[in-house]
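Quick notes on the structure that follows.
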Amino acid sequence: MDVEYAAGDDAEDHRFRFTAMASPCEVRLAGLPRALATAHAEIAIAEVRRVEHKYSRYRPDSIVSRINAAAGSGEAVEVDAETSQLLDFAAQLHALSEGRFDITSGVLRRAWDFRSARIPTPYALAEAVAQIGWPRVQRTPETVVLPDAGMEIDFGGFGKEYAADRAAALLERDGATSGIVNLGGDLRVLGPRPDGSAWSIGIQHPRAPERTIASIRLARGALATSGDYERFFEVNGKRYCHILNPATGWPVQGWQSISVVAPLCVAAGAMSTIALLHEDTAPAFLASQQVAWLGVDRDGDVIRHGLPA
Amino acid sequence: MAATDHDDIQPADARPRLGSITLAALALPGLLNVAHAESAPTDGVISVKLQSYDDRQPGLDRIRVIAPSLYVLAPVASNWALEASLVHDDISGASPRWHSAISGASHMSDHRTAGTARVTRYFDRVSVGVGGAFSEERDYRSRAASLDVRWSTPDNNTTLYLGAGLTRDDINPVNGVVENEHKRSNEFMIGVTQAWTKNDLVQLNVGHVAASGYFNDPYKLVDKRPRERDQTTVLARWNHHIEPLGVTIRSSYRFYRDTFGIRAHTATVEGVHPLGERFTLTPSLRYYTQGKADFYYDPVYDPVIGEPYPPGRPRLSSSDHRLSAFGAITVGAKIEWRIDSRWSADFKYERYEQRSNWRLGGNGSPGLARLSADILQIGFSRRF
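In order, the protein sequence lines correspond to chains Z and A.
Number 1256 marks the last residue of the first sequence (our numbering); no jumps.
Number 625 marks the last residue of the second sequence (our numbering); no jumps.
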């Protein structure tokens, strides 16, 4: 539970840094005395850890691991209301993305080993793709069944963003009106700086990890970015990234990154991932969702839509 | 994809409803919370401090006080907080000296136990606190009760404060000069704190105390003071954050007047400097000046009678140096160390020096030796 404190821009601006979901995270609260900010931040960070704990596929006791462990056994795993609502959300994302967003696509990790930087064989890829298929998941409001052995689900596509929104909701409940919950670059703004001005959020440069390529001014709402730079390898000058099309098993092409501004982080995160999966039709998809966004295209040019520079 | 303007691209497929993903996300549990409540502390704090006060006049070490104190803040349920503190002073030393000509003073020794307790209830935008305090010495017992209400505007930029308190003291000096004497005081305070800009916070407090009863010092040979004392205090504070330097300057001015005739002014300035991520250094400077009480007489040491005696036979008189005209400067520094997310430590040193001729806007009282004091404080606190 290591949390590092750092002072922000003034005596009433407090930054609490921690690691969760394998990402650097920060709860920043302004306009509050430090003791109060610390008390609020601890509640928010505990909520992030609760979500991580409950939905991590790396923890054998998580609900996700229990559902996956029962795959192919015919056992109906009981799920609580929160998990059931997240599965509903996953179902809607699958439908609204026309199958592009599929929480059963994690099996592609078996074919794509980003550490060894090898392009999978067509046979291995076909075998993995055959195990994908959200529509085959059998659900009732209280139970879930993965019908085939080897099938798995994961909430990696929106778990971090959901945790950011939950933490932000607790901070708002406790009266925090100025600050940011930032979980590995997916963030929710609680409200403007104490003087009413917007926060300036830097967008990571997709090809230079230590630099930003643009900035977005945000007083409220959420911002999430998906890109081809989080996990990837290159073979013969071609980049193979971790965002994989569940229909083909191949990595997406076309965008270095897409950042989406939406009222909720969980929506922004899902849309940025779906936009990458749309490849060339991303602008049309994002227009249909009526959100502001910033994309870095394959040439590294920045495209803004609804966001003043 | 070329770097062109994409605004003119029409949706390729109109099936997804407008804004549908945001709507789907809104159905998730616990993401929206519109209730804003005045926040109660959710963590407890326990802190222990040890303070040493050591004062002296030239050639004489006068009083040394070592006071350990304990403070506990415990959240009770979600909207309540309980605070309690306990301090135990041990005092040993010489009684105050009239002036520097006398050496060898009688010895005094006493100890004091004092405690406070306070319960606060947090409502929406309003908090109400009720407190009690006691202080016990061999010859002096004090009991106090207080009530305060705080109210914040919806934007939290303005906070109003109203407070009232009662104190009842019983005085039974060991020398039996008086028995079962009492002192009562009623106190009122009103204050407003305003966030002016994002870097400026200003505060104005006005307080009034109406007290009656026994104010004399029973251990002084001639000490006759009025049985009524009204005190008025006006305090203005300004905290300013200098963004490029990361430094916060806290300044305040306090005006005090009472019906004993004392007028006093205090100006304080301190600077909060973060040193790296774990340390904060706060140097401070305070200047204090006061005019004498109407019935204060200058202590003129008489070689025959000995201790100073008031000229004539005045109805009221005192030679308590605290009622004289003087100026004083306090210079200090505090270092706070955040050891980890739960533990913190602080260390404070202050040097106090009081001299008659440091009074501003008038002459200081003659015949008083300068007084200086060292105040050291070391503290640890832990959140739980």
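From the three backbone atoms N, C-alpha and C, an ideal C-beta is built for every residue, glycine too.
Owing to the predicted nature of the structure, the values given are computational and were not obtained by experimental measurement.
- Residue pairing by DSSP places Arg975/Z opposite Arg962/Z, Ile1127/Z in a beta bridge.
- Within 8 Å of the CB of Thr438/A, the CB atoms of chain Z belong to Asp1142, in sequence order along the chain.
- Of all alpha-carbon atoms in Ser383/A, Ile576/A, Thr263/A, Lys439/A, the one lying nearest the alpha-carbon of Gly517/A is that of Ile576/A.
- Within the region 512–545 of chain A, the residues whose Cβ lies closer than 9 Å to any Cβ of chain Z are, in chain order, Val513, Pro515, Glu518, Arg519, Thr521.
- Residue nearest to Glu1074/Z within the set Thr1087/Z, Arg1083/Z, Trp1059/Z is Trp1059/Z (criterion: CA-CA distance).
- For a Cβ distance threshold of 8 Å, nothing in chain A lies close to Met1098/Z: the least Cβ distance comes to about 23 Å.
- Check the Cα spacing between His1152/Z and each of Thr1124/Z, Asp1133/Z, Ala1209/Z, Val1249/Z: the tightest is with Val1249/Z.
- Judged by beta-carbon spacing, Ala1114/Z lies beyond the 8 Å limit of Val1136/Z, meaning their Cβ atoms are not closer than that value.
- As for any beta strand (DSSP E) of minimum length 3 sitting wholly inside the region 436–518 of chain A, the runs are 441–454, 469–483, 488–499, 504–516, ordered along the chain.
- The Cβ atoms of Leu612/A and Asp296/A lie closer than 8 Å to each other.
- Remark: three or more beta-carbon pairs, one from each stretch, lie closer than 8 Å, so the region 477–484 of chain A and the region 440–454 of chain A are flagged as touching.
- Annotation for Ser1147/Z: Ser1162, Arg1164 place their beta carbon closer than 7 Å to its own, counting only its chain and skipping 5 residues before and after.
- Sorting Gly373/A, Asp587/A, Leu445/A, Gly454/A by C-alpha distance to the C-alpha of Arg466/A places Gly454/A at the top.
- Here Leu403/A carries a strand assignment [DSSP, helix/strand/coil].
- Within the region 1198–1222 of chain Z, those residues whose Cβ lies closer than 7 Å to any Cβ of chain A are, in chain order, Gly1201, Ala1209, Pro1210, Leu1211, Val1213, Ala1214, Ala1217, Met1218.
- Bridge pairing for Phe429/A: Ala405/A, His449/A [DSSP].
- Looking at the backbone, the Cα of Gly573/A and that of Ser387/A are separated by about 31 Å.
- Residues of the same chain with a CB within less than 6 Å of the CB of Tyr312/A, apart from the 5 flanking positions on each side, are Ser288, Ser326 in chain order.
- Under the Cβ criterion of 8 Å, Leu401/A is not counted among the residues facing chain Z.
- Contact between Leu1224/Z and Val1199/Z is confirmed by a C-beta separation of about 6 Å, below the 8 Å threshold.
- Following the DSSP letters along the chain, one finds His1000/Z inside the alpha helix (DSSP H) bounded by residues 981–1002.
- Proximity of the region 970–979 of chain Z to the region 1105–1123 of chain Z meets the contact definition, three or more beta-carbon pairs being nearer than 8 Å.
- Here Phe1102/Z is buried. Its C-beta has 16 or more other C-beta atoms within 10 Å.
- In terms of beta-carbon proximity, Phe1036/Z lines the interface with chain A, with at least one pair separated by less than 8 Å.
- By the Cβ rule, the region 1036–1052 of chain Z counts as touching the region 1215–1230 of chain Z, because three or more pairs are nearer than 8 Å.
- For Lys461/A and Thr530/A, the gap between their C-alpha atoms comes out near 24 Å.
- Around the beta carbon of Pro971/Z, fewer than 16 other beta carbons sit within 10 angstroms, so the residue counts as exposed.
- Linking Asp1227/Z to Leu1233/Z through their CA atoms gives a straight-line distance of about 11 Å.
- Here Ile1205/Z is near Ala1229/Z, since their CB atoms are less than 8 Å apart.
- Distance from the Cα of Gly1168/Z is smallest, within the candidate group Arg981/Z, Phe1036/Z, Val1213/Z, Asp960/Z, for Val1213/Z.
- The beta-carbon of Gly1021/Z is placed no less than 8 Å from the nearest beta-carbon of chain A.
- A distance below 6 Å between beta-carbons, with the five flanking residues on each side excluded, links Ser597/A to the following residues of its chain, in chain order: Phe567, Gly605, Ser606, Leu609.
- Scanning its chain for C-beta atoms nearer than 6 Å, with the 5 sequence neighbours on each side dropped, one finds around Cys1188/Z the residues Asp1175, Phe1179, Pro1198, in chain order.
- The three-state reading of DSSP puts Lys533/A in coil, since its state is none of H, G, I, E or B.
- Residue Leu983/Z holds the alpha-carbon nearest to the alpha-carbon of Asp960/Z among Leu1093/Z, Leu983/Z, Ala1064/Z, Ser1235/Z.
- Contact annotation, Val475/A with Phe496/A: C-beta distance approximately 5 Å; criterion of less than 8 Å satisfied.
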